[in-house]
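In order, the protein sequences belong to chains A and B.
Numbers 24 to 588, taken from this note's numbering, label the letters of the first sequence in order.
Numbers 48 to 375, taken from this note's numbering, label the letters of the second sequence in order.
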Amino acid sequence: MSIGIVMLVHNSLERAAQVARHWTASGCPVVLHVDKSVSRRDFRTLRDRLRPDPLIRFSKRHRCEWGTWGIVAASQAASETMLASFPDVSHVFLASGSCLPLRPVAELVDYLAARPQTDFIESATTSDVPWIVGGLGEERFTLRFPFSWKRQRRLFDKWVDMQRRFKLKRRIPRGLVPHMGSQWWCLSRETLSRILMSPERAMHDRYFRRVWIPDESYYQTLARLYSRNIESRSLTLSKFDYQGKPHVFYDDHLQLLRRSDCFVARKIWPGAERLYRAFLTDDAGAMKKAEPNPAKIDRIFAKAVERRTRGRPGLYMQSRMPRSGHENGITAHPYSVFQGFSELFVDFEDWLANASGTRVHGHLFAPKRVEFAGGENVIDGALTDNAATRDHAPERFLTNLIWNTRGERQCFQFSPRDNQDVNWIMARDPNAQISVVTGAWAVPLFRSKKNFSTLRSEAARLQRVESEQLAILRSNHANAQIRIWSMAEFIESPMEPLQTVLDEIAQKKSRWIGEAPRLEDLAGFGQFLQKLKNEGMHPYLMGDFPVEQEPQEMPAIKQRPYLVR
Amino acid sequence: MRVRRRRRILRSMRKSLELTLFQDNTSAIRPDDILLVSTMRNESVRLPYFLEYYRNLGVGHFLFIDNDSTDATLELLGGQADISVWTTSGSYLKSSFGVDWVNRLCRKFAHGHWTLVVDPDELFVYPFCDTRPIPALTDWLDSSSIRSFSAMLIDVYPKGPLDAQPYVAGQDPLEIACWFDSGNYTIRPNPTYGNLWIQGGPRSRMFFAEKPWEAPALNKIPLVKWDRKFTYVSSTHMLLPRGLNHVYDEWGGEKASGALLHTKFLDTFRGKAREEMERGQHYADSAEYRAYARGSKESPDLWCPSSEKYINWRQLEILGLMSKGNWA
């Protein structure tokens with residue numbers, strides 16, 4: 024009693040020979056099918072090298088192009104040779120030249136001996152499989168595919184479209200229910216013989232010859248007809264990426280493969296000397312006898328696929344430059360933008376840093392220089408405070424900053440005096456928390472001692488800039504967490520909005536505002552606005568300010584009512 | 048674009064007249080060999096480590112163009128079986144900064160080969176480069192039907208003045224220049240050629256802070272499965288046909304990419320900058336070198352407190368400077 028290995032080989036013949044001898048050394052016969060596209064000379068070299076081994080046979084050569092019948096024909100021929108030449112083979116294991124046994128062969132023999140009637144073949148109906156690439160599921164069985172997918176892709180696609188449009192369909196032979204699954208199986212002698220010697224084999228072959236990728240469906244479908252006991256999984260560890268090509272294992276996967284407890288893995292890079300050396304020396308006794316457990320490998324490859332398809336949010340780099348709307352995260356981490364606060368409150372930045380426990384920058388987009396927290400010249404990622412460098416690519420400056428400091432929330436001040444080129448990216452970004460007190464830009468003007476006509480034109484400019492910005496913040500493309508108050512409205516009860524914003528920043532660990540920030544002295548601000556009006560400018564973003572105004576007092580902090588839930 | 052490509056190819060043919068064969072081992076090139084093409088001048092100090100580094104990574108054959116070296120470069124390269132050398136006294140400037148020569152050699156010898164075009168001060172790093180040689184990468188690229196591989200230039204520099212630690216032949220330059228800027232790069236698409244235009248890093252930070260748009264380009268596509276129809280356009284920043292420049296994903300995913308560690312900033316830099324300024328053979332009238340010379344008057348130090356110390360490729364991957372893509 025032994026298992027027979029049917030090995031389909033198309034390149035790296037050296038490695039295939041090495042593995043074949045490994046199998047035969049443990050008494051497992053091997054039938055090799057060498058792809059017809061391998062040159063005669065290479066084939067002869069291989070055959071001459073392996074011929075002395077009584078357990079090795081070669082089967083009739085077919086041309087195996089991916090996705091075509093050739094691969095099935097090859098495995099049929101080789102299986103027939105196997106069944107005919109080695110009568111005491113009880114299971115036949117289909118492998119490729121780049122498969123590598125991970126556990127001692129004896130363990131596989133024992134494992135199968137304990138399950139003599141079981142067929143290990145992944146087999147699921149087409150509607151239940153998630154791994155189909157290129158959108159062809161059910162249609163693999165109902166359309167015709169006269170063109171090569173690899174070489175004549177355009178014709179292939181056109182032909183498929185045409186058949187869809189004209190509803191040209193093949194009939195699936197009676198009695199067959201299409202199933203699909205990994206092409207690497209291990210079938211019992213009984214099942215395999217019944218498939219190959221079926222009176223309907225000619226009909227099956229004729230049908231599957233025109234099916235797309237028949238090696239993933241021929242045995243999988245027929246096993247459902249002829250097998251008594253299907254275990255729908257493959258003994259071969261074989262992972263596919265999102266394009267449907269197999270993941271390749273390298274030297275650095277050694278530990279991972281060891282821990283997988285799988286019997287056979289594919290596909291191994293032919294240059295992975297360390298893997299071949301480690302697994303073919305057959306003293307991998309360190310590996311315990313356990314059920315195969317490829318979960319860990321699954322995770323690694325799933326991660327790789329995710330990296331390729333979703334990427335890291337907020338990262339812009341040489342091989343990830345998402346188009347607008349496809350960023351999958353415009354920035355890497357939440358951040359807060361405060362507009363008008365540092366104008367209204369004395370030392371707002373220090374206060375905010377204390378109250379929120381975050382890193383609070385000044386005006387990052389100020390015209391003269393980048394006002395990093397603590398007046399730094401360079402911060403994380405070697406971003407400098409140079410305004411020209413920043414203005415060369417303001418959006419990248421922002422995304423770089425958030426990327427470089429990911430994990431730590433950034434807060435910064437913004438105003439209509441600053442570079443406005445980042446308005447759209449911030450407004451669109453769900454990570455941004457933007458709080459605006461409109462019209463607060465007038466406070467520094469009011470406090471400055473400059474010539475009034477300069478102030479007037481500056482006020483007009485800032486108001487225009489801010490109203491343009493507000494239009495962006497209020498557009499329906501804005502996804503940020505946006506809050507806008509007019510200055511008059513805000514001043515009436517400043518603590519409530521502040522507390523809301525802070526709660527959001529601090530998230531779970533609700534911080535109480537211990538100490539209120541101090542408002543700037545606004546006595547006379549109303550008159551200042553009136554003066555602007557008298558000069559013909561219409562300041563409206565502040566809301567309604569009475570001309571005669573009581574000096575503002577910061578309200579005392581009220582203890583919040585105790586909430587009973 | 049086709050016209051431009053043809054023009055470049057013709058130009059490289061014309062410029063090939065300037066090349067003189069010095070050592071021909073091209074008959075030793077096997078069909079699967081990875082080729083490395085490089086233009087150099089007076090690099091005898093760097094070459095020993097350069098050769099060792101790339102031989103370890105699995106480069107099969109080196110094709111060198113020596114532009115009028117006056118040091119021991121040629122003697123050093125002579126007699127090595129995996130190296131072929133051409134010499135030229137032509138103008139580096141007029142040969143589009145060596146690109147014409149490189150294109151010529153690629154067209155003649157690299158058809159069907161994975162070809163790495165790097166300068167002698169560039170060390171190629173890619174995902175898993177500590178455990179998998181370049182042929183593993185190129186096999187994977189082949190199986191993924193990818194023809195070109197991006198590796199942005201990352202300037203590495205020492206801490207302290209450049210001339211504080213002398214570099215000796217055979218030494219790993221990263222022992223000295225082991226710092227880099229991790230997150231100040233700007234990227235924008237170039238619609239004409241479809242490539243990305245990357246700027247930033249210490250050179251932009253130090254020498255081009257007020258004129259960042261003039262800072263050197265850092266995007267590079269050094270590894271290409273060459274076809275005789277291909278041609279580099281401007282250094283290895285971009286290629287024709289344009290499809291080769293599309294090394295980035297636009298739908299949110301990450302393609303695999305690597306990096307070229309640019310070890311220009313060693314103690315050898317000053318001499319080089321002075322010499323190149325006199326020769327005036329570099330990009331934009333040697334503006335780059337002039338800017339260096341200006342910035343370098345008082346003990347040049349590119350290091351800053353936010354500089355990152357280079358450890359390995361995984362670090363670059365985590366920092367988001369390169370990506371494994373779906374190679375696992």
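The beta carbon of each residue, even a glycine, is placed where N, CA and C say it ideally should be.
All of these numbers come straight from a predicted model, not from anything done at the bench.
Bridge partners - residue i, DSSP secondary structure assignment
i	result
Leu260/A	Ala288/A
Phe368/A	Leu542/A
Glu355/B	Phe227/B
Asp168/B	Paired residues: none, contrary to the question.
Glu254/A	Phe143/A
Val53/A	Ile28/A and Ile79/A
Trp133/B	Leu68/B and Ile112/B
Arg506/A	Ser458/A
Trp244/B	Arg235/B
His114/A	Ile26/A and Ser211/A
As assigned by DSSP and simplified to three states, the class of residue i
i	result
His108/B	strand
Gln206/A	coil
Leu564/A	coil
Gln70/B	strand
Asp408/A	coil
Arg52/B	helix
Ser379/A	helix
Thr278/B	strand
Gly318/B	helix
Thr304/A	coil
Gln436/A	strand
Arg369/B	The amino acid occupying residue 369/B in the given sequence is Met; Arg does not appear at that position. Coil, per DSSP.
Ala306/B	strand
Chain A within 8 Å of residue i, Cβ atoms only
i	result
Pro236/B	yes
Thr178/B	yes
Leu368/B	yes
Trp374/B	yes
Pro352/B	yes
Glu257/B	yes
Ser190/B	yes
Met199/B	yes
Within-8 Å CB hit, residue i to chain B
i	result
Phe286/A	no
Ile505/A	no
Gln175/A	no
Ser119/A	no
Trp292/A	yes
Val445/A	no
Asp180/A	no
His596/A	Residue numbering for chain A in the displayed model covers 24 to 588; residue 596/A lies beyond these limits and cannot be assessed.
Thr68/A	no
Minimum C-alpha distance to residue i - residue among the options
i	options	result
Gly294/A	Lys141/B, Ile112/B, Thr86/B and Trp187/B	Trp187/B
Pro196/A	Leu248/A, Tyr230/A and Glu366/A	Tyr230/A
Gly430/A	His356/A, Pro52/A, Ala147/A and Gln362/A	His356/A
His227/A	Phe164/A, Glu543/A and Phe435/A	Phe164/A
Lys366/B	Pro345/A, Arg346/A and Gly337/A	One detail in the question is off: residue 366/B reads as Leu in this sequence, not Lys. Looking at the Cα atoms, Gly337/A is the closest of the given residues.
Ala529/A	Gly462/A, Gly559/A and Ala378/A	Ala378/A
Asp202/B	Tyr214/B, Pro220/B, Arg151/B and Lys141/B	Pro220/B
Leu125/A	Leu303/A, Arg212/A and Arg392/A	Leu303/A
Arg16/A	Gly90/A, Asp76/A and Ile94/A	Because chain A is modelled from 24 through 588, residue 16/A falls outside the range shown and cannot be assessed.
Lys326/A	Gly305/B, Met324/B, Met199/B and Lys371/B	Lys371/B
Asp441/A	Cys209/A, Ser171/A, Asp414/A and Ser150/A	Asp414/A
Met105/A	Asn446/A, Glu213/A and Gln41/A	Glu213/A
Gly105/B	Leu163/B, Arg53/B and Ser304/B	Leu163/B
Met565/A	Gly549/A, Thr381/A and Ser216/A	Gly549/A
Thr134/B	Ser143/B, Glu122/B and Arg275/B	Glu122/B
Below-8 Å beta-carbon distance, residue i vs any chain C residue
i	result
Arg252/B	Here the protein chains are A and B, and chain C is not one of them.
- prompt: Using a Cβ cut-off of 8 Å, which residues of the segment 277-311 of chain B contact any Cβ in chain A, in chain order?
  reply: Val294, Tyr295, Asp296, Glu297, Trp298, Gly299, Gly300, Glu301, Lys302, Ala303 and Ser304
#### Entry: Residues of the segment 260-275 of chain A with Cβ closer than 8 Å to any Cβ of chain B, in chain order
Asp264, Tyr265, Gln266, Lys268, His270, Val271, Tyr273, Asp274 and Asp275
| request: Please list the residues of the segment 334-359 of chain A that have a C-beta atom closer than 7 Å to any C-beta atom in chain B, keeping them in chain order. | output: Gly334, Arg335, Leu338, Tyr339, Met340, Gln341, Ser342, Arg343, Met344, Pro345, Arg346, His349, Glu350 and Asn351
Listed in chain order, which residues of the segment 402-427 of chain A have Cβ atoms closer than 7 Å to some Cβ of chain B? Ile402, Asp403, Gly404, Ala405, Leu406, Thr407, Asn409, Ala411, Thr412, His415, Ala416, Arg419, Asn423, Trp426 and Asn427
Closer than 8 Å between beta carbons: that is the criterion. Which residues of the segment 314-332 of chain A meet it against chain B? Ile323, Phe324, Lys326, Ala327, Val328, Arg330, Arg331 and Thr332
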